[in-house]
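As structure tokens, the structure follows; a few thoughts come after it.
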Amino acid sequence: MFSNLGQNLACQPQMYCQINGTLFAITPLPRQPGMAWPNSGCGQEPRPDFQVSFRCEGCQKLLFEQPPPSYRPVPGPTLPLPGGCRCGPAVEWVPTNSDHVHTLSDRAVVAGYEKHNGSALWVIRAKFEGNLIPGKLVLNSKTAYFGWDGQEHSVNEFEVCCARPERIMWQESRNGNVPSNAIVAGKTLNGEPLYVG
């Protein structure tokens, strides 16, 4: 009964690519021949004129196109996608708490390290009295803090700033001059933008 498992199932030409710990879904262009490898379980065999193209699911930008090979392809590692895609926001704010923060360790933005114990400091933000305030998470203790009205406050529910390293960089700023491309990390009750610094 199960000897041909998957043989009659429709193939879903969905591929995933991992770049710097972040998993991206890559969708092949529709109607491209040869989207299944031999012995894939869906009964498709690649044709000699096999060609594969991939588009970003967000903006549909062509990311990668592989010309027809002169040999029959075999399963193997995915080729890196040259150029990549920069669609969508540079950062993602992921809601979490102290108990589940470890699930974001592969994509959290590290702002620095504690001097006394070397613990990584992640960029976070939290809601407080109608404000959305940027702060830090001390990774060793899994404690999130933000400064407000001259005091440091700790919180258990917060958002972690996550980003691909190639999408962001730290920029020097002086005398209150915020770079025009700075990422807004929070906002006061009065609508004033708050940044990480």
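Here the sequence shown stands for residues 23 to 219, numbered as in the working numbering. In this text, a Cβ means the ideal position worked out from N, Cα and C, and glycines have one as well.
Are the beta-carbon atoms of residue i and residue j separated by less than 8 Å?
i: valine 19; j: leucine 126; result: With the chain running from 23 to 219 in the structure shown, residue 19 is simply not present.
i: valine 218; j: valine 116; result: no
i: alanine 148; j: glycine 134; result: no
i: asparagine 162; j: asparagine 197; result: no
i: leucine 154; j: valine 123; result: no
i: valine 132; j: isoleucine 190; result: no
Please report how far the alpha carbon of residue i lies from the alpha carbon of residue j, in whole angstroms.
i: leucine 211; j: glycine 152; result: 5 Å
i: alanine 112; j: tyrosine 167; result: 23 Å
i: proline 187; j: aspartate 171; result: 32 Å
i: glutamate 179; j: valine 200; result: 28 Å
i: proline 102; j: serine 141; result: With a pLDDT of 36 at proline 102, under the threshold of 50, the predicted position of this residue should be treated as unreliable, though the coordinate-derived value follows. So the alpha carbons of these two residues sit roughly 33 Å apart.
i: alanine 185; j: arginine 129; result: 6 Å
i: threonine 118; j: serine 202; result: 29 Å
i: lysine 137; j: glutamate 214; result: 31 Å
i: lysine 209; j: glutamine 173; result: 18 Å
i: valine 206; j: glutamate 194; result: 16 Å
So if DSSP puts residue i in a beta bridge, which residue, or which two residues, is it bridged to?
i: glutamate 179; result: Asn119
i: serine 174; result: Note that residue 174 corresponds to glutamate in the displayed sequence, not to serine. Paired residues: Gly169.
i: arginine 147; result: Pro156 and Glu181
i: glutamate 114; result: Cys184
i: tyrosine 135; result: Ala142
i: glycine 208; result: Leu216
For the ligand ZN, is there a heavy atom less than 7 Å away from the beta-carbon of residue i?
i: asparagine 162; result: For the structure depicted, the ligand ZN is absent and the ligand set is empty, with no information on it obtainable.
At the 8 Å Cβ level, is residue i part of the contact set with chain C, yes or no?
i: threonine 125; result: Given the protein chain composition of this structure (a single chain), no chain C is represented.
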